C-alpha cells in the first residue's frame, strides 16, 4: 500500500495533460523542461507539433509514468537495503532487520522485482485514446467555426439593414415637356413644351450677397404694375401671379426667405409652416437649395441659368400654415399661400 500511494501521488494524469496541452504547458507537466523551451521557441512547431502531440499525448504520459514507477521502486529498494526508515505516505515505517539468508539462496544476480511488471506500475495504453483528441478537434471546429459563421451572419444582417440612398444629381436639368402646368387660366400663359430649357445649380453661399438678381426683383404683376409685392405673402391675397422676363445668358436666384421680428416668432412660424417648391409642376427638393438659418431668418436659394430663348416656365412657391400665425404686426390665417412666377426667356 505504501508503494501504491507513493506512485499515485507522483503519477501524471491524462486529463491534466490535455488541459496543459491546450495552454502549451504539457512538456513542463511531464518534467521535460528542455523540450518545453524548444516547443515555445518554435511556436509549437508552427502548430504542426501541437497537432502531433495531441494524438501522442497518452503515450507521452504513459512513458513518463513508467519512469516515475522506476524512480519509486529504486527509492524503496535503496532504503530497504540500508535498513532505514522509509517515508512514502507521511507514515514512518521501520524496515525489519534482514535475517541471514541460507547459502543456497544467495545469488550474485539481482532478480527483477515483480512490482515492475505489475499492472499498477506498467501503464497500459487505452485502445480508444484517439477518441479524446478527436473530440477536442471537433470541439474546436464547432467553437471557432460557429463563431466565424455567427460573425458573418451578423455582418450580413447589419449590411442588409443599412439604408440605401438613391442617387441625386448635383445639377438637375428640368424638361418643360415632362409635366403640364398645374395652373392654366386666361391670365397665366401656358408654358411651351420644347425640351430642356434651363439648369439648376446649388450655390455654396448666398448668391444675393454677391449681387445676383432675384427673379422676384425683376417681376411685375400680370397687368404690368409694380411687382414688389410678388415676393411677399399677403393674408388678403393668398395666390399671387406675376411675370418676369429673363436673358438666356443671365444667372438668377430663386427660392424663399422668411424673417420674423425675433427668434421666438421664427420658431413659432416654422413649427406650423411647410414650404413646397415647384417648377413646371415638378417638385424641387429642399436639399437642392442653399440654406441660411439665423435666429430670426430662414433663407433658401438656388441658381437658375442657361434658359433657352422663347421658353416659358412656371415657378411656384407654396406655403401652408396649419394654424393662424401672428408674426410682427400681421396675422396670417391658416391655409395655403402661393407665389407664382411665369418666367419667359428672350
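Residue numbers (this note's numbering): 8 to 353. Glycine is no exception: its CB is placed at the ideal position from the N, C-alpha and C atoms. It should be emphasised that the depicted structure is a prediction, and the values quoted were computed from it without experimental measurement.
Less than 8 Å between the C-beta atoms of residue i and residue j, yes or no?
{"i": "residue 307", "j": "residue 337", "result": "no"}
{"i": "residue 311", "j": "residue 265", "result": "no"}
{"i": "residue 255", "j": "residue 341", "result": "no"}
{"i": "residue 227", "j": "residue 267", "result": "no"}
{"i": "residue 346", "j": "residue 328", "result": "no"}
{"i": "residue 64", "j": "residue 14", "result": "no"}
{"i": "residue 207", "j": "residue 348", "result": "no"}
{"i": "residue 269", "j": "residue 332", "result": "no"}
{"i": "residue 335", "j": "residue 213", "result": "no"}
{"i": "residue 17", "j": "residue 75", "result": "yes"}
When burial is assigned at 16 or more other CB atoms within 10 Å of the CB, is residue i buried or exposed?
{"i": "residue 273", "result": "buried"}
{"i": "residue 60", "result": "buried"}
{"i": "residue 44", "result": "exposed"}
{"i": "residue 47", "result": "exposed"}
{"i": "residue 78", "result": "exposed"}
{"i": "residue 356", "result": "Because residue 356 is not part of the residues shown, which for the chain are 8 to 353, the question remains open."}
{"i": "residue 241", "result": "exposed"}
{"i": "residue 371", "result": "It is not possible to answer for residue 371, since the shown part of the chain is limited to 8 through 353."}
{"i": "residue 287", "result": "buried"}
{"i": "residue 19", "result": "buried"}
{"i": "residue 28", "result": "buried"}
{"i": "residue 72", "result": "buried"}
{"i": "residue 253", "result": "buried"}
From the DSSP secondary-structure annotation, give me the bridge partner or partners of residue i.
{"i": "residue 351", "result": "252, 319"}
{"i": "residue 342", "result": "328"}
{"i": "residue 333", "result": "338"}
{"i": "residue 71", "result": "Paired residues: none, contrary to the question."}
{"i": "residue 286", "result": "289, 322"}
{"i": "residue 228", "result": "249"}
Under 8 Å by Cβ, that's how I've got residue i and residue j pegged, so tell me the actual separation to the nearest angstrom.
{"i": "residue 297", "j": "residue 305", "result": "Between residue 305 and residue 297 the Cβ distance is about 12 Å, and since that is not below 8 Å, they are no contact."}
{"i": "residue 271", "j": "residue 326", "result": "Residue 271 to residue 326, Cβ: 20 Å. No contact."}
Any chance the segment 26–38 sits against the segment 64–76, with 3 or more Cβ pairs inside 8 Å?
yes
Quick one: any contact between the segment 314–322 and the segment 211–220, if contact means 3 or more CB pairs under 8 Å?
no
Determine contact between the segment 239–256 and the segment 283–294, defined as no fewer than three beta-carbon pairs at a distance below 8 Å.
no
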